[in-house]
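Asker: If you're matching them up, the sequences are chains A and B in order. Plus 4 on top of the position in the first sequence (first one is 1) and you've got this note's numbering. Plus 4 on top of the position in the second sequence (first one is 1) and you've got this note's numbering. Backbone N, C-alpha and C define an ideal beta-carbon position, used for all residues, glycine too. Every value quoted in this text rests on a predicted model; they were computed, and no experiment measured them. Before we start, here is the structure in question, set down as structure tokens.
Number of protein chains: 2
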Amino acid sequence: MTTDCQDCPLRNRDIFNPMSKEELTFTQGFKTGELVVDPGTTILLEGSNSPQVYTVLKGMGTRYTTLENGRRQVINFIFPGDFIGLQAGLMGEMKHSVEATTSMTLCVFRRSEIFRLFEQYPARAYDLTWIAAVEEHFLGETIASLGQRDASQRIAWALVRIYLRLRAVGLEEGHTVPLAYRQQDLADALGLSLVHTNKRLKALRDAGLADWQNGLLSITDLDTLAERALIDLEKPERRPLI
Amino acid sequence: MTTDCQDCPLRNRDIFNPMSKEELTFTQGFKTGELVVDPGTTILLEGSNSPQVYTVLKGMGTRYTTLENGRRQVINFIFPGDFIGLQAGLMGEMKHSVEATTSMTLCVFRRSEIFRLFEQYPARAYDLTWIAAVEEHFLGETIASLGQRDASQRIAWALVRIYLRLRAVGLEEGHTVPLAYRQQDLADALGLSLVHTNKRLKALRDAGLADWQNGLLSITDLDTLAERALIDLEKPERRPLI
DNA sequence: CGTTCCATTGACCGAAATCAAGTCCTGTGG
DNA sequence: CCACAGGACTTGATTTCGGTCAATGGAACG
Numbered sequence: 005m006t007t008d009c010q011d012c013p014l015r016n017r018d019i020f021n022p023m024s025k026e027e028l029t030f031t032q033g034f035k036t037g038e039l040v041v042d043p044g045t046t047i048l049l050e051g052s053n054s055p056q057v058y059t060v061l062k063g064m065g066t067r068y069t070t071l072e073n074g075r076r077q078v079i080n081f082i083f084p085g086d087f088i089g090l091q092a093g094l095m096g097e098m099k100h101s102v103e104a105t106t107s108m109t110l111c112v113f114r115r116s117e118i119f120r121l122f123e124q125y126p127a128r129a130y131d132l133t134w135i136a137a138v139e140e141h142f143l144g145e146t147i148a149s150l151g152q153r154d155a156s157q158r159i160a161w162a163l164v165r166i167y168l169r170l171r172a173v174g175l176e177e178g179h180t181v182p183l184a185y186r187q188q189d190l191a192d193a194l195g196l197s198l199v200h201t202n203k204r205l206k207a208l209r210d211a212g213l214a215d216w217q218n219g220l221l222s223i224t225d226l227d228t229l230a231e232r233a234l235i236d237l238e239k240p241e242r243r244p245l246i
Numbered sequence: 005m006t007t008d009c010q011d012c013p014l015r016n017r018d019i020f021n022p023m024s025k026e027e028l029t030f031t032q033g034f035k036t037g038e039l040v041v042d043p044g045t046t047i048l049l050e051g052s053n054s055p056q057v058y059t060v061l062k063g064m065g066t067r068y069t070t071l072e073n074g075r076r077q078v079i080n081f082i083f084p085g086d087f088i089g090l091q092a093g094l095m096g097e098m099k100h101s102v103e104a105t106t107s108m109t110l111c112v113f114r115r116s117e118i119f120r121l122f123e124q125y126p127a128r129a130y131d132l133t134w135i136a137a138v139e140e141h142f143l144g145e146t147i148a149s150l151g152q153r154d155a156s157q158r159i160a161w162a163l164v165r166i167y168l169r170l171r172a173v174g175l176e177e178g179h180t181v182p183l184a185y186r187q188q189d190l191a192d193a194l195g196l197s198l199v200h201t202n203k204r205l206k207a208l209r210d211a212g213l214a215d216w217q218n219g220l221l222s223i224t225d226l227d228t229l230a231e232r233a234l235i236d237l238e239k240p241e242r243r244p245l246i
């Protein structure tokens, strides 16, 4: 009882490039199944060699690495529409772990099919590279945040980005989106301590800009928040969905 | 009087995947020329739409973005063998700028050829995606550095990575490599102030671990430095060179 | 009801930023 | 040939942002 690519609830969101009927048919053929995991499950493990790659259909997770000193860096949050496992798919070994935060549903693709895809469906291979380029761009933005924004700006930046991303996949309801992470996860993503993260979040709440509590993020004043975050609110560019 | 791909001085370095004679012939055909630029030249400009993509043959540069508040983040340093411009190549617009620090020589490829490459040379297209995945991995490491390492660790980390990378392309001579950046560039890469960067560099010099002066980086004690940097010295993985 | 996990808040401390000179070097023009 | 101006690098003094420590509260759970 898996979801047909034709009926994919993400597909028609306008952050994703549209696909023709036959393209969808192919993607459907590329898909080998669906994986449903419970919160807390490790989907991909750093250093391992996953035989599968995935597209997130539902739910949220974190992508992280752990340093020698035991500290954890959340590289990014994983949302519906994200493609995961490309590194292992091409390079042979995961350089980070991916863990489910909420329950998640993933479309499963066989890793061994990737090369076939390059040989037979150049347009889809092109999409894959495009996805990697988009990811690269986001990571570059994150680097700029960690390097050049102070704690308040970083938090504002993260909340705005998350909010826009979730809104783009249709999870918004009256300026609020579901966001089931712990404050510790955000702290680990931004290179801040839990305590300080907590204090800055409170400040944003008190300022009436954003309120993240009980797994719900409400953006009260997007424009001001974006301004504080040094974010230029432009229309989000489209990207492929596989 | 351009360099033939067959005679490419980088090609046989063992961080790069080997290529057969016919593969080389194709790459040669994909190459449309060579570009030589002076220090200080902006090769790619954020927001612009370059008709070309490049592989660095010689010289060094920086890839950076500028935030709304005027602060500059160096996303990474560009070394021989790096492929640049992929984002513009696929997504249509550069998300960062690339500037030459030393004089540089670049292999030039026509951006419009990229799609043809996907259609006709899947193996090369695969390489391109691989390159993007490798890049993604490095950016993830950088994020972990900015987020979880303190100033001394960050600097040690950067110096080790740079040293290994330059050594891998044959620029090492007796534990020292040429490195013509300013301290400000390193500071902007690591999210540190110039002053503090200077002080930590001095500390490393005094500790007899690494000495970066007058455009030359000498790693006196790689093992200890790597340990301080929380780096696991493993053999560097190979990657494709286009 | 303990236990555990997460959020919250206050007190204190320290790493790194900022501020402020001063030193070299190199290139340039008188 | 020398004066000087601009860049990059150094170094010390001071400030501050954010980390660490410590304690408390609340909710979920067995």
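#1: May I ask whether a heavy atom of the ligand ADP can be found less than 7 angstroms away from the beta carbon of I82 of chain B?
#2: Cβ closer than 9 angstroms: which chain B residues qualify as neighbours of M95 of chain A?
#3: So, under 8 angstroms CB-CB, I246 of chain A and D131 of chain A are touching, yes? Tell me the CB distance rounded to an integer number of Å.
#4: Looking at the structure shown, is M23 of chain A part of a helix, part of a strand, or coil, going by DSSP?
#5: Since V138 of chain B is in the alpha helix (DSSP H), which residue starts that stretch and which ends it?
#6: Out of B:R165, B:D189, B:V57, state which residue places its alpha-carbon closest to the alpha-carbon of E238 of chain B.
#7: If the cut is a Cβ gap below 7 angstroms, which residues of chain A does F119 of chain B touch?
#8: Three-state secondary structure (DSSP) at E117 of chain B?
#9: For chain B, check one thing: does any of its Cβ atoms lie closer than 8 angstroms to the Cβ of F122 of chain A?
#10: Taking the alpha carbon of R209 of chain B as the reference point, which residue from B:V173, B:S222, B:G51 has its own alpha carbon closest?
#11: Please list, in chain order, the residues of the region 56-82 of chain B that have any C-beta partner in chain A closer than 7 angstroms.
#12: If I'm right that T201 of chain B touches G212 of chain B with Cβ under 8 angstroms, what's the distance once you round it to whole angstroms?
#13: Can you tell me the Cα-Cα spacing of L226 of chain A and I82 of chain A, whole angstroms?
#14: Closest to G195 of chain B by C-alpha separation, out of A:A214, A:Q152, A:T66, A:S24, would be which residue?
#15: Hey, out of A:T109, A:G96, A:S101, whose CA is closest to I118 of chain A's CA?
#16: Identify the contact partners of T146 of chain A in chain B, using a Cβ-Cβ distance below 7 angstroms as the criterion.
#17: Would you mind stating whether G65 of chain B and T105 of chain B have Cβ atoms separated by less than 8 angstroms?
#18: So which residues on chain A does Q91 of chain B lean against when the C-beta distance must stay under 8 angstroms?
#19: Counting contacts by CB-CB distance shorter than 8 angstroms, is H200 of chain B in contact with chain A?
#20: Beta-carbon within less than 8 angstroms of T31 of chain A's beta-carbon, same chain only, minus the 5 sequence neighbours each way: which residues are those?
#21: Leaving out five residues on either side along the sequence, give the residues of the same chain with a beta carbon under 8 angstroms from the beta carbon of K25 of chain A.
#22: Can you find a CB in chain A that lies within less than 8 angstroms of the CB of G195 of chain B?
#23: What first and last residue would you give for the alpha helix (DSSP H) that runs through K206 of chain B?
#24: Tell me the rounded alpha-carbon separation between L170 of chain B and E177 of chain B.
#25: In angstroms with no decimal places, state the Cα-to-Cα distance between V60 of chain B and Q188 of chain B.
#26: I'd like to confirm the pairing. Which residues does DSSP put opposite P13 of chain B in its beta bridges?
#27: Give the secondary structure of I159 of chain A by DSSP, where H, G and I count as helix, E and B as strand, and everything else as coil.
#28: May I ask you to list, following chain order, the residues of the region 146-174 of chain B that have a beta carbon less than 8 angstroms from some beta carbon of chain A?
#29: Measuring only the C-alpha atoms, how far is A172 of chain B from E241 of chain B?
#30: Please classify D192 of chain A as buried or exposed, where buried requires at least 16 neighbouring CB atoms within 10 angstroms.
#31: Exposed or buried, which one is L220 of chain A when buried takes at least 16 other CB atoms within 10 Å?
#32: Ignoring anything shorter than 4 residues, give me the alpha helix (DSSP H) runs that lie fully in the region 207-239 of chain B, in order along the chain.
#33: Give me, in chain order, the residues of the same chain whose beta-carbon lies closer than 6 angstroms to that of V57 of chain B; leave out the 5 immediate sequence neighbours on both sides.
#34: Quick check on L39 of chain A: does DSSP put it in helix, strand or coil?
#35: Does the Cβ of T149 of chain B have 16 or more other Cβ atoms within 10 Å, making it buried, or fewer, making it exposed?
#36: Nearest by alpha-carbon distance to E139 of chain B: which of B:W161, B:G85, B:A155, B:L183 is it?
Answerer: For this structure:
#1: This structure does not include the ligand ADP; it has no bound ligands of any sort.
#2: Counted from its first residue, the first sequence places residue 95 of chain A at position 91. Under the 9 angstroms cutoff, chain B gives W134, A137, V138, H141, E241, R243.
#3: Position 242 of the first sequence, counting from 1, holds the residue named residue 246 of chain A. Position 127 of the first sequence, counting from 1, holds the residue named residue 131 of chain A. With 8 angstroms as the limit, I246 of chain A and D131 of chain A qualify as a contact, their Cβ atoms being about 6 angstroms apart.
#4: Here residue 23 of chain A corresponds to residue number 19 of the first sequence, with the count starting at 1. M23 of chain A falls in the coil class under three-state DSSP.
#5: Translated into positions along the second sequence, residue 138 of chain B becomes position 134. Per DSSP, V138 of chain B belongs to the alpha helix (DSSP H) from 126-152.
#6: By one-based count along the second sequence, residue 238 of chain B stands at place 234. Comparing Cα-Cα distances from E238 of chain B to each of B:R165, B:D189, B:V57, the minimum goes to B:R165.
#7: As a first step, residue 119 of chain B is located in the second sequence; it is residue number 115 there, counting from the start. Here the neighbours are Y130.
#8: The residue you call residue 117 of chain B lines up with position 113 of the second sequence. Residue state, collapsed to three classes: helix.
#9: In the first sequence, the residue the question calls residue 122 of chain A occupies position 118. Answer yes: the Cβ-Cβ gap between F122 of chain A and chain B drops below 8 angstroms somewhere.
#10: The sequence position of residue 209 of chain B within the second sequence is 205, counting from 1. Measuring from the Cα of R209 of chain B, the nearest candidate turns out to be B:S222.
#11: T69, L71, E72, N73, R75, Q77, I79
#12: Numbered from its first residue, the second sequence carries residue 201 of chain B at position 197. Numbered from its first residue, the second sequence carries residue 212 of chain B at position 208. At roughly 19 angstroms, the Cβ-Cβ gap does not stay under 8 angstroms, so T201 of chain B and G212 of chain B are not in contact.
#13: In the first sequence, residue 226 of chain A corresponds to position 222, counting from 1. In the first sequence, residue 82 of chain A corresponds to position 78, counting from 1. For L226 of chain A and I82 of chain A, the distance between alpha carbons rounds to 22 angstroms.
#14: Here residue 195 of chain B refers to the residue found at position 191 of the second sequence. Looking at the Cα atoms, A:Q152 is the closest of the given residues.
#15: Along the first sequence, read from residue 1 onward, the residue named residue 118 of chain A stands at position 114. Nearest option by C-alpha distance: A:G96.
#16: On the first sequence, residue 146 of chain A is found 142 positions in, with the first residue counted as 1. Simply I147.
#17: Position 61 of the second sequence holds residue 65 of chain B. Position 101 of the second sequence holds residue 105 of chain B. Contact: yes.
#18: For the purposes of this step, residue 91 of chain B is taken as residue 87 along the second sequence, with counting starting at 1. Within 8 angstroms Cβ-Cβ: A137, E140, H141.
#19: Locating residue 200 of chain B in the second sequence gives position 196, where the first residue counts as 1. So, not an interface residue.
#20: Within the first sequence, the letter at position 27 stands for residue 31 of chain A. So the qualifying residues of the chain are C9, M23, R128, I246.
#21: Locating residue 25 of chain A in the first sequence gives position 21, counting from the first residue. Hits under 8 angstroms: Q10.
#22: As a working mapping, residue 195 of chain B is identified with position 191 in the second sequence. By this cut-off, G195 of chain B is an interface position.
#23: What you label residue 206 of chain B is simply residue 202 of the second sequence in a count that begins at 1. Start and end: 198-210.
#24: Counting from 1 along the second sequence, the entry for residue 170 of chain B is found at position 166. Counting from 1 along the second sequence, the entry for residue 177 of chain B is found at position 173. The straight-line gap from Cα to Cα measures roughly 10 angstroms.
#25: For the purposes of this step, residue 60 of chain B is identified with residue 56 of the second sequence, where counting begins at 1. For the purposes of this step, residue 188 of chain B is identified with residue 184 of the second sequence, where counting begins at 1. When rounded, the distance between both Cα atoms is 23 angstroms.
#26: For this step, residue 13 of chain B is matched to residue 9 along the second sequence. In DSSP, P13 of chain B forms no bridge with anything.
#27: Within the first sequence, the letter at position 155 stands for residue 159 of chain A. Reduced to three states, the DSSP call for I159 of chain A is helix.
#28: T146, I147, A148, L150, G151, Q152, R153
#29: One-based indexing of the second sequence puts residue 172 of chain B at position 168. One-based indexing of the second sequence puts residue 241 of chain B at position 237. Using only the alpha carbons, I get a separation of about 11 angstroms.
#30: The residue labelled residue 192 of chain A in the question sits at position 188 within the first sequence. With 16 or more other Cβ atoms within 10 Å, it is buried.
#31: By 1-based counting over the first sequence, the position of residue 220 of chain A is 216. So L220 of chain A ends up on the exposed side.
#32: 226-232
#33: By one-based count along the second sequence, residue 57 of chain B stands at place 53. Correct list, in chain order: G89, G93, F113, R115.
#34: Residue numbering aside, residue 39 of chain A sits at position 35 when the first sequence is read from its first letter. L39 of chain A: strand per DSSP, three-state reduction.
#35: For the purposes of this step, residue 149 of chain B is taken as the residue at position 145 of the second sequence. Checking the sequence, you will find Ser at residue 149 of chain B rather than Thr. Result: buried.
#36: Residue numbering aside, residue 139 of chain B sits at position 135 when the second sequence is read from its first letter. Of the candidates B:W161, B:G85, B:A155, B:L183, the one whose C-alpha sits nearest the C-alpha of E139 of chain B is B:G85.
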